[in-house]
Amino acid sequence: ATSGEEQDVVIVGGGPGGYVAAIKAAQLGLKVTCVEGRGTLGGTCLNVGCIPSKALLNASHKYEEAKHGMAKHGITFGGEVAIDVETMMGHKSKAVTGLTKGIEGLFKKNKVTYAKGWGKLLSANEVNVTMEDGSSEVIKTKNVVLATGSVPSALPGVDADEETIVTSTGALELKKVPETMVVIGGGVIGLELGSVWSRLGAKVTVVEFADKICGAGIDDEIRTTFQRSLKKQGFNFKLSTKVTKAVKKPEGGVTLTLEPSAGGEQTELEADIVLVSTGRRPFTDGLGLEDVGVETNRMGQIVIEPHTFKTNVPGVFAIGDIVAGPMLAHKAEEEGVSVVEQIAGKKGHVNYDTIPSVIYTHPEVAWVGKTEAEVKEMGIEYIVGKFPLAANSRARANDDSEGVVKFLTDKATGKILGAHIVSGGAGELLAECVLAMEYGATAEDIARTCHSHPTVSEAVKEAAMAATPGMGSIHF
Ligand code: FAD
Ligand code: NAI
């Protein structure tokens with residue numbers, strides 16, 4: 029499959045970390061091969077993650093709007109609004125295939141060699157690739173970038189069969205809308221995919237080990253606002269609770285045994301479908317790390333030197349979900365660019381303080397930088413500037429005014445420490461906050477920037493005004 033020539037760099041894994049690194053490497057003039065075993069490029073994100081989940085979130089949002097949100101605007105439908113799951117899934121698959129094929133096209137355009145098979149390190153300079161037909165080939169290379177990503181972590185006592193007990197992968201492929209769904213783990217995957225099936229009619233219960241949803245990292249006030257919104261949408265939450273056992277019933281469905289997280293009396297909960305979304309683990313199975321002596325930590329992550337992505341084995345680098353940091357596609361991409369820039373002898377840098385987080389529910393939740401609790405912990409004087417979406421004219425006209433924009437700024441310098449948004453399209457609104465932080469802007473810089481009227485982005489401007497001493501918002 030490959031030319032047999034020695035490569036400047038071999039990238040193992042064709043996800044957002046790996047494929048972006050491969051394209052960038054080629055653009056920098058390096059001879060590059062990307063090894064990917066799943067048969068399509070794009071990794072978790074394009075095949076079974078970001079893209080299919082967003083396709084289903086979009087479809088289910090449209091359904092929900094048609095079913096419940098249109099009549100008040102005078103829009104009615106002749107018959108009952110219905111969902112055909114097969115058609116919805118068909119559209120999702122088409123989006124995925126279009127995009128994964130698109131990356132193959134980008135590889136061709138940029139002259140990246142695509143080795144279709146599973147890679148294994150033989151040494152720092154040799155990667156063995158096992159092809160689909162069982163044949164194998166050894167590629168010689170000056171450098172190796174490992175970007176093999178992550179897979180759902182297993183939950184003891186709850187064995188996923190991807191039909192009734194599913195991980196995110198199975199939850200993106202259900203054949204019909206379940207009447208009841210139990211989501212184990214109230215993190216991003218559980219809340220996004222729980223939203224999909226809840227909107228389509230499933231009664232969703234989230235069982236979460238911690239006493240709050242969304243884990244660490246999210247601002248507490250934003251979390252409370254978000255959870256209230258999900259409850260209003262019909263989500264049921266069982267916090268501080270763990271699942272100890274799942275038994276599949278012969279007639280279909282599952283009986284779960286629950287227990288308070290701290291231990292105590294057991295109860296049972298029935299569900300047609302159970303989604304296990306209790307986190308993901310780095311995937312390095314069969315990669316030959318032990319043979320070559322690449323160091324991993326107790327979480328299974330490959331240990332790297334911060335910023336250079338160097339492992340303990342010279343010439344071997346690692347990026348994306350297999351190394352520490354948030355398991356996010358855009359984080360993997362930034363690392364992919366940075367690592368090959370450095371291999372090419374250029375400067376490359378990732379600013380981990382400005383990596384945005386988005387939960388693509390409705391409303392969306394998006395943030396960058398520090399939470400209020402973290403700012404408090406820093407022990408500095410800070411300002412909170414907030415603006416409710418209910419006071420934004422476009423959000424009102426759109427009938428989509430649930431949410432808030434919240435800025436945290438340093439009282440002494442005015443610099444933005446954190447931005448937190450709950451709103452329809454919050455992920456898009458956040459981009460200007462990320463840019464502002466990247467440029468070291470103050471809230472006043474945003475407050476004095478002309479924003480188009482009427483746009484929801486004016487809520488960002490108004491919150492920045494509220495976070496600027498002596499200024500204050502106009503419309504609230
Ligand atoms: P992956 O995307 O996991 O890619 C690794 C690739 O390496 C895989 O294709 C795998 O087949 C291949 N591979 C592994 N071992 C080998 C080997 N030995 N040889 C050859 N190939 C190998 N992130 C976001 O930022 N936004 C989102 O909206 C979002 N939504 C998500 C929704 C879901 C349901 C899930 C599960 C994840 C989501 N993520 C999202 C997370 C995102 O998918 C990951 O952070 C991202 O894909 C990580 O990129 P990566 O390149 O490190 O690894
Ligand atoms: P997560 O780490 O976000 O959430 C897991 C949740 O499960 C936590 O709240 C945790 O307390 C809980 N939990 C752990 N063990 C439990 C148990 N035994 N019983 C009950 N609850 C338990 O992990 P998740 O949702 O699986 O997502 C994995 C990764 O995928 C995330 O790190 C995220 O970065 C990425 N992702 C990102 C998306 C986005 O950016 N929009 C969307 C989906 C996934």
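Residue numbering for the sequence shown follows full-length UniProt numbering, starting at 29 and increasing by one per position.
For every residue, glycine included, the Cβ atom is placed at its ideal position computed from N, Cα and C.
Predicted model only: the values in this text are computed from it and were never measured.
Check: Looking at C-alpha atoms only, which residue of I39, K374, A425 is the closest neighbour of G177?
Finding: Looking at the Cα atoms, I39 is the closest of the given residues.
Next item on the list: Indicate whether A394 and A487 have their beta-carbon atoms separated by less than 8 angstroms.
Entry: no
Next item on the list: Give the secondary structure of T477 by DSSP, where H, G and I count as helix, E and B as strand, and everything else as coil.
Entry: Residue state, collapsed to three classes: coil.
Notebook entry, point to check: Cβ of R66 versus every heavy atom of the ligand FAD: is any distance shorter than 7 angstroms?
Noted result: The answer is yes for R66.
Next item on the list: Output the distance between the C-alpha atoms of F337 and A475, rounded to the nearest integer angstrom.
Entry: 38 angstroms
Next item on the list: Assign L69 to one of three DSSP states: helix, strand, or coil.
Entry: coil
Item checked: Heavy atom of the ligand FAD within 7 angstroms of T72 beta-carbon -> yes
Check: Does the region 315-332 come within contact of the region 250-265, defined as at least 3 CB pairs closer than 8 angstroms?
Finding: With the cut-off at 8 angstroms, the region 315-332 and the region 250-265 do not touch.
Check: Going by the beta-carbon positions, is the gap between N171 and I51 smaller than 8 angstroms?
Finding: no
Notebook entry, point to check: Q35 bridges to which residues according to DSSP?
Noted result: T169
Next item on the list: Have a look at I371, G314, P354, E165 and flag the residue whose alpha-carbon is nearest the alpha-carbon of G215.
Entry: P354
Margin query: Give the residues whose C-beta lies closer than 6 angstroms to at least one heavy atom of the ligand NAI, in chain order.
Written below: L183, I212, G213, G214, G215, V216, I217, G218, E220, V235, E236, F237, A238, G243, K270, V271, S305, T306, G307, R308, P354, M355, L356, V386, I387, Y388
Next item on the list: Compute the distance between the beta-carbons of L417 and E405, then report whether it is under 8 angstroms.
Entry: no
Item checked: C478 classed as buried or exposed, judged by whether at least 16 other C-beta atoms fall within 10 angstroms -> exposed
Next item on the list: Kindly indicate which residue of G41, D36, G43, T125 has the alpha-carbon position closest to the one of P80.
Entry: The candidate whose alpha carbon is nearest that of P80 is T125.
Next item on the list: Would you identify the three-state DSSP class for V205, choosing helix, strand or coil?
Entry: coil
Item checked: Closest Cα partner of I383 within the set S501, K82, I241, E363 -> E363
Next item on the list: Please name the residue in G500, N420, A492, E220 whose C-alpha comes closest to that of I483.
Entry: Looking at the sequence itself, residue 483 is Thr, so the reference to Ile does not match. Residue N420 is the option with its Cα nearest to T483.
Check: Relative to the ligand FAD, is the shortest distance from any of its heavy atoms to the C-beta of T176 smaller than 7 angstroms?
Finding: yes
Notebook entry, point to check: Distance, Cα to Cα, L356 vs T72?
Noted result: 10 angstroms
Item checked: Cβ neighbour criterion (16 or more within 10 Å) applied to G185 -> exposed
Margin query: Is F263 a contact residue of the ligand FAD, with contact defined as CB to any heavy atom under 7 angstroms?
Written below: F263 has its CB no nearer than 7 angstroms to any heavy atom of the ligand FAD.
Margin query: Taking 7 angstroms as the cut-off, is the C-beta of D349 nearer than that to any heavy atom in the ligand FAD?
Written below: At a threshold of 7 angstroms, D349 counts as near the ligand FAD, since its beta carbon sits closer than that to one of the ligand's heavy atoms.
Notebook entry, point to check: Just checking my contact of A188 with V304 at CB under 8 angstroms: how many whole Å lie between their CB atoms?
Noted result: 6 angstroms
Check: Mind checking whether the beta-carbon of F435 lies closer than 7 angstroms to any heavy atom of the ligand MG?
Finding: Of the ligands one can find in the structure shown, namely the ligand FAD and the ligand NAI, none is the ligand MG.
Checklist line | Between the CA atoms of A152 and E392 - distance to the nearest angstrom | finding: 43 angstroms
Next item on the list: Answer yes or no: the CB of H358 versus the heavy atoms of the ligand FAD, is any distance below 7 angstroms?
Entry: Yes - the ligand FAD has a heavy atom lying nearer than 7 angstroms to the Cβ of H358.
Check: Where does the unbroken beta strand (DSSP E) through P416 begin, and where does it stop?
Finding: 410-416
Note to self: Would A448 and D247 qualify as a contact pair, given that the criterion is a beta-carbon distance under 8 angstroms?
What the structure shows: Contrary to the premise, residue 448 reads as His rather than Ala in this sequence. In contact: H448 and D247 (Cβ atoms closer than 8 angstroms).
Check: Name the DSSP bridge partner or partners of H377?
Finding: Looking at the DSSP assignment, H377 forms no beta bridge with any residue, so it has no partner.
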